[in-house]
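Here the protein sequences line up with chains W and H, keeping their order.
The working numbering applies: residue 33 is where the first sequence begins, and numbers increase by one.
The working numbering applies: residue 33 is where the second sequence begins, and numbers increase by one.
A virtual CB, placed ideally from N, CA and C, is assigned to each residue, including glycine.
Here the structure comes first, spelled out in structure tokens, and everything after it is commentary.
There are 2 protein chains.
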Amino acid sequence: MTDAKFDITGVGNAIVDVIAPCDDAFLTEQNIEKGGMTLIDEVRAKQLYDEMAPGQEVSGGSAANTLAGIAAFGARGAYIGKVADDALGEIFRHDLNAAGVDYTTTPLVGGAATARCLINVTPDAQRSMSTFLGASVFFSESDINAEKIATAKITYLEGYLFDRDEAKQAFVRAAEVAKAAGRLTALTLSDSFCVDRHRAAFRQLVRNHVDILFANEAELISLYEADNFDGALESVRAETRIAAVTRSEKGAVLIDRGHVASVPAVPVEKVIDTTGAGDLFAAGMLTGLAKGLSLESSGQLGAIAAAEVISHYGARPMADLKALAAQAGIEL
Amino acid sequence: MTDAKFDITGVGNAIVDVIAPCDDAFLTEQNIEKGGMTLIDEVRAKQLYDEMAPGQEVSGGSAANTLAGIAAFGARGAYIGKVADDALGEIFRHDLNAAGVDYTTTPLVGGAATARCLINVTPDAQRSMSTFLGASVFFSESDINAEKIATAKITYLEGYLFDRDEAKQAFVRAAEVAKAAGRLTALTLSDSFCVDRHRAAFRQLVRNHVDILFANEAELISLYEADNFDGALESVRAETRIAAVTRSEKGAVLIDRGHVASVPAVPVEKVIDTTGAGDLFAAGMLTGLAKGLSLESSGQLGAIAAAEVISHYGARPMADLKALAAQAGIEL
């Protein structure tokens, strides 16, 4: 195995977020599942946007947020995902490159617009997402850059991509390339509704291809159709090497075969917007694992990154995470 | 004079802001005037954007920010300004409409892109702006909607528009329509470098057309080429009915012919980004004047709105300013 060029290469839906505050009545009126991610078409995207409050546009996309976090920890990351050659696509590309992430996927020309996620944030800081996938689903096997996967210690895949068959194939292909190169494959389940939609395919992928699984409690219980959290943990332990299960303010449970650890959440003065909490937990955890840190220290990096991102609007870090890690006694 | 349909109609450059953090060394490297507004062309805009940190996109434009503030106070506002029919133009339109501002200017088709302002914010919360004017300068006399001006108690003009001759004409036309309808005209000088570029034209406009002038200390001193602040105050007093001069953390000095008042700044826990401070001061002041409040109460509304906007990134209010006014004992 040659030396790795990247610590982590991520594959995901390339999306620009449109974030605006709302109240609970608005979610009811608009029939939006609180805390979830709903797929919408272009017509509905336009209609919902018209009803939303003034917002701010920031680059998003689950795996892309994770890669921005990895770069903020000073680790070497690459990203694969599809935008269109439009203004939002330019913003997405700029923000990822400016964060220090290698990103060279060819944009889609003359087709759908760059994907956008309309995020309504209630006063309790919960985010409810309505996603128009646009150009991001015109992402296929041919966009999988084998070299970037083969030369990364860990390839990180985003469950949301499963919402389209062509992307599902690209997923399996990425995992196969990683395995052939002797590298690790990580997956995040992304969303419990997404797990409901694709349970069988996820189970198969986890069993056959995934070395590191990220999930929250609801997603893990849904994946294994378990009666409770302990039952779900039992199942995941039998199927993957490493699992990181986030539990919001209760912190995270980490499993590495026989070894189980728990990491407390890092306290936050005021939670503003929980968008990106899971993505940034994964950023810390993956950075730690790629750098050969212990399960506990890796989880602590995850908790530090998640705490930073929920203390402001937007799903990408605004602080130097490497410096925050050093303050907590972890030198990267 | 018929009843007014709007409290304030604003005319300005329709711009989307791209806000990113930077250090002082970056400003030096990029040859950016700290705290100022520099006009740049499309090539430079692309080049500077490439060098900037990951950012967030939010609607901006000086007078448009003011109108968003006026709406957040619950007053009735309209806006006139030119975007292109592109993604950023759509964002600009949405944000203004969603804020409750009447905005119907026809977008530019097949020409320059929507204007953008690249704002680099240093750790001391100072913003340094580089503006590509794009579609916003293809704004002309024919875009001046006479009905929206004639039916507004106050027409508010943005000095930045003076950076193009056609817009200058539109300005004078707007002031004439307002006067003919027995309404008031307000002007903000916008920027001391802008005043340097157009001193004679500004002096003439102030003398002949302006009832309410907004400026900061530097702008007012530059306008009258005065030796000091007192000299500049003396001059402005002779030429306009009402003047509001902002002095950052020292608050503001307000003049209404013989009457002089000063208003302290509202303390802020942590200043994050001073973008929009002057725009939002004008929002409060104009709301107060349109509602027939005293000079002091109007200034107090200005101080409340300015304090809100400098406590977060972005130049538009994120709080309900009407509620903040009520907390300070001013019912609107």
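Nonlocal neighbours in the same chain, by C-beta distance under 8 Å from S329 of chain W, ignoring five residues either side: G320, I362
Check whether the Cβ atoms of I253 of chain H and A270 of chain H lie closer than 9 Å to each other. no
Within 9 Å (strictly less), CB to CB, does Q332 of chain W reach chain H? no
To the nearest angstrom, report how far apart A96 of chain W and A206 of chain H are at their CA atoms. 47 Å
Could you round the C-beta distance between A110 of chain W and T41 of chain W to whole angstroms and report it? I think they count as a contact, below 8 Å. 4 Å
Going along chain H in order, which residues have a C-beta closer than 9 Å to the C-beta of R348 of chain W? P86
Give the range of the alpha helix (DSSP H) segment to which Q158 of chain W is assigned. Looking at the DSSP string, Q158 of chain W is not in any alpha helix (DSSP H), and its letter there is neither H nor E.
Output the boundary residues of the beta strand (DSSP E) element that contains F246 of chain H. 244 to 248
For R108 of chain H, which residues in the same chain have their Cβ closer than 6 Å to its Cβ, ignoring the five residues on either side in sequence? F38, D39
For G109 of chain W, write down the residues that DSSP places opposite it in a beta bridge. W:I40
Chain H residues whose Cβ lies nearer than 7 Å to that of V90 of chain W: Q88
Roughly how many whole angstroms lie between the Cα atoms of F171 of chain H and T137 of chain H? 9 Å
In whole angstroms, give me the CA-to-CA distance for A276 of chain H and A315 of chain H. 12 Å
Under the DSSP definition of a beta bridge, which residues are partnered with Y188 of chain W? W:G42, W:A218
Which runs of the beta strand (DSSP E) spanning at least 3 residues fall entirely within the region 246 to 308 of chain W, listed in chain order? 274 to 278, 284 to 288, 291 to 295
Through-space distance from H344 of chain W to V341 of chain H, alpha-carbon basis: 15 Å
CB contact below 9 Å: Y135 of chain W versus chain H: no
Short-range partners of chain H found in the region 113 to 127 of chain W, where Cβ spacing is below 9 Å: D118, A119, L120, E122, I123, H126, D127
When the Cβ atoms of the region 83 to 94 of chain H are set against those of the region 117 to 137 of chain H, are three or more pairs found closer than 8 Å? yes
Per the contact definition of three or more C-beta pairs closer than 8 Å, is the region 210 to 218 of chain W in contact with the region 350 to 358 of chain W? no
Among H:K302, H:P299, H:A100, H:A46, the one whose alpha carbon lies nearest that of G113 of chain H: H:A46
Could you tell me if R148 of chain W is buried or exposed, where buried requires 16 or more neighbouring beta carbons within 10 angstroms of its beta carbon? buried
Hey, would you say the C-beta of E61 of chain W is under 8 Å away from at least one heavy atom of the ligand FAD? This structure lacks the ligand FAD; in fact it carries no ligand of any kind.
Within this structure, are the beta carbons of T272 of chain W and N248 of chain W separated by less than 9 Å? no
Rounded straight-line distance, which links the Cα of D117 of chain W to that of V141 of chain W: 6 Å
For V90 of chain H, name the three-state secondary structure that DSSP assigns. strand
Using beta carbons (cut-off 9 Å, strictly below), is A131 of chain W in contact with chain H? yes
Which residue wins for smallest C-alpha separation from P155 of chain W, given the options W:C54, W:V300, W:I336? W:C54
Residues that P53 of chain W bridges to, as DSSP identifies them: W:V153
Report the three-state DSSP secondary structure of M350 of chain H (helix, strand or coil). coil
What does Y256 of chain W touch in chain H if you count any residue whose Cβ is under 9 Å from its own? Going along chain H, no residue has its Cβ under 9 Å from Y256 of chain W, so there is no contact; the nearest lies around 37 Å.
Quick one: is Q332 of chain W buried, meaning 16 or more other Cβ sit within 10 Å of its Cβ, or exposed? buried
With distances taken between CB atoms, is the gap from F234 of chain W to G191 of chain W smaller than 9 Å? yes
Endpoints, beta strand (DSSP E) assigned at L71 of chain H: 69 to 71
Per DSSP, A147 of chain H forms a beta bridge with which residues? H:I47
Please report the straight-line C-alpha distance between L312 of chain W and A357 of chain W, rounded to a whole angstrom. 13 Å
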